[in-house]
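Residue numbers (the working numbering): 172 to 663.
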């Protein structure tokens, strides 16, 4: 029986990460055969690392790779600044190799232990935005050691990344809660693969199918799980869809959060961290108002036994339902790429960076506080579209047209992380600020929710207002006056 030929792999970066990946392949030959390093260090070029020759500099990668004829190239320099990452990516892509992967920064931040299983293909979002802040998560996750941690919306973009990073934190148990079994199946399988490779083996991972609108199930569940910390990521998020389904938006986001808070307080949990959004700031859409209400619920829930806090940030690149996957599909279809307005802009951060900052904020945060993640400067969506078209090898407006479609219901030209009356003060932790909230007159929260409740849940004595969208919008505007009018709002 013939032994399968090992995949030939070139590793760019002969530092600790590259050498660890090469050593892993030597221990597990089925993973591949490292045939050479490429590095810029003159002291290493011409020598050998673990018996593997080191070539260089990286500027000569095209010629070196052509000579070595690998099946795969792995970029293993996790600390690489974004501009250098782009340069090396462009250089390697011109080599025409079969496959190109890289080691994301977060794997080094968390464990200091590079693994081949952590490498992945480079996506356009890896080339956009800024160089992610380096966070020593091994230190940041100490507060999670031996704890039971619940993540709602665990199968979503932020939730799933939190679970990956939490796997390293020494938690006793990770409860992955979601109402979508497909999402739970996917992230559960991924975590099991990581554990099989020796990552986070001490954590017990448990998938929980639960709808936050089921108050009785949620209360019974949390009484049994006895979790110490909750990261609340679950929410309906897609603005146009929520504008068409505003009752479900409030029912799920607001009353689901209320149910979770009531159950969490009965345990009680030690920490409760709400993941919020810049759309909660002077909200123009139903989703934004729902998140403002969620923030107010969380900030009013605290007592001496628990810390209830909010972490607010803007868009994350490549999240479910975001603009990056949409543009990707449109480009693959040959265009046009659709843009709502030529001047629309958004804050963007990568999912791993946002998640690591959330975990850091959860550790240092105090009850009753709102923490703002530093998103850098906003990005014009038009420029994002142009960069994505170029990334795919096309010329914007020539090969792939960009079509302006007009702002959608509830959409703003720009988003802000806080109002003009508010300020953010440093916390002593990079990229995390503490919001000094402005006092705005609002209806009393508990009585306001009681007005909303019969719109979302059938009250037989008030069935005439059940699911009345016009009344809902009018009520929401009394809480958030910036919510846009919809003259064509149907009653039901």
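Built from N, CA and C at the ideal position, the CB exists for glycine as well.
Taking residue 570 as the reference, which of 576, 577 and 562 has the closest Cα?
Taking the first residue of the chain shown as position 1, residue 570 is located at position 399. It is 562 whose Cα lies nearest to the Cα of residue 570.
Could you pull out every residue in the same chain whose Cβ sits closer than 8 Å to the Cβ of residue 455, ignoring the five residues on either side in sequence?
Translated into positions along the chain shown, residue 455 becomes position 284. Same-chain partners within the cutoff: 581, 582, 583, 653, 654 and 655.
Alpha-carbon spacing of residue 405 relative to residue 557, whole angstroms
Against the chain shown, residue 405 aligns to sequence position 234. Against the chain shown, residue 557 aligns to sequence position 386. C-alpha separation (whole angstroms): 32 Å.
Note down, in chain order, each residue of its chain lying with its Cβ closer than 7 Å to the Cβ of residue 636, except the 5 sequence neighbours on either side.
Here residue 636 refers to the residue found at position 465 of the chain shown. Taken in chain order, the residues that qualify are 625, 626 and 642.
8 Å CB neighbourhood of residue 216 in its chain, flanking five on each side removed:
In the chain shown, the residue the question calls residue 216 occupies position 45. Cβ neighbours of residue 216 beyond the five flanking positions: 210, 225, 226, 227 and 228.
With residue 482 and residue 447 assumed to form a contact (beta carbons below 8 Å), what rounded beta-carbon distance in angstroms separates them?
What you label residue 482 is simply residue 311 of the chain shown in a count that begins at 1. What you label residue 447 is simply residue 276 of the chain shown in a count that begins at 1. Contact holds; Cβ gap of about 7 Å.
Determine the closest residue to residue 490 out of 326, 271, 385 and 188, with distance taken between C-alpha atoms.
By 1-based counting over the chain shown, the position of residue 490 is 319. Nearest of 326, 271, 385 and 188 to residue 490, Cα basis: 326.
Would you say the segment 364–372 touches the segment 434–446, given that touching needs at least three Cβ pairs under 8 Å?
no
Close beta carbons around residue 552, own chain, < 7 Å, minus the five adjacent residues each side:
Start at 1 with the first residue of the chain shown, and residue 552 comes out as number 381. If we look at residue 552 and ignore the five residues flanking it on each side, its Cβ neighbours are 494, 510, 515, 516 and 517.
Drop a sphere of 10 angstroms on the beta-carbon of residue 417, count the other beta-carbons inside from all chains shown, and report buried for 16 or more, exposed for fewer.
Counted from its first residue, the chain shown places residue 417 at position 246. Result: buried.
Range covered by the beta strand (DSSP E) that runs through residue 546
Along the chain shown, one-based indexing puts residue 546 at 375. Segment: none, residue 546 is in no beta strand (DSSP E) and carries neither H nor E.
Cut-off 8 Å between Cβ atoms - residues of its own chain near residue 279, not counting five sequence neighbours on either side
Position 108 of the chain shown holds residue 279. Legend: pLDDT at residue 279 = 44, less than 50; position of this residue unreliable, value from coordinates given subsequently. Once the five neighbours on either side are set aside, the close Cβ partners of residue 279 are 188, 249, 250 and 285.
Residue 200 to residue 343 span [Cα, whole Å]:
In the chain shown, the residue the question calls residue 200 occupies position 29. In the chain shown, the residue the question calls residue 343 occupies position 172. When rounded, the distance between both Cα atoms is 33 Å.
Endpoints, the alpha helix (DSSP H) within which residue 469 is located
On the chain shown, residue 469 is found 298 positions in, with the first residue counted as 1. Here the alpha helix (DSSP H) through residue 469 covers 457–470.
Quick one: what does DSSP say residue 617 is sitting in, helix, strand or coil?
Sequence index remark: in the chain shown, residue 617 carries index 446 (1-based). Note: residue 617 maps to helix in three-state DSSP.
Tell me the start and end of each unbroken beta strand (DSSP E) in the segment 529–614 that is at least 3 residues and wholly inside, in chain order.
541–544, 573–575, 594–597 and 603–607
Alpha carbon of residue 333 to alpha carbon of residue 402, nearest angstrom:
Within the chain shown, the letter at position 162 stands for residue 333. Within the chain shown, the letter at position 231 stands for residue 402. Taking the straight line joining both Cα atoms gives about 9 Å.
Quick one: using the 10 Å Cβ neighbour count with 16 as the cut-off for buried, is residue 578 buried or exposed?
Reading the chain shown from its first residue, position 407 is the one you call residue 578. Its Cβ having fewer than 16 others within 10 Å, residue 578 is exposed.
Give the DSSP-derived three-state secondary structure of residue 668 in the structure shown.
With the chain covering only 172 through 663, there is no way to say anything about residue 668.
On the three-pair Cβ rule with 8 Å, is the segment 347–354 touching the segment 309–327?
yes
Can you tell me the Cα-Cα spacing of residue 266 and residue 184, whole angstroms?
Taking the first residue of the chain shown as position 1, residue 266 is located at position 95. Taking the first residue of the chain shown as position 1, residue 184 is located at position 13. Going by the C-alpha atoms only, they are around 17 Å apart.
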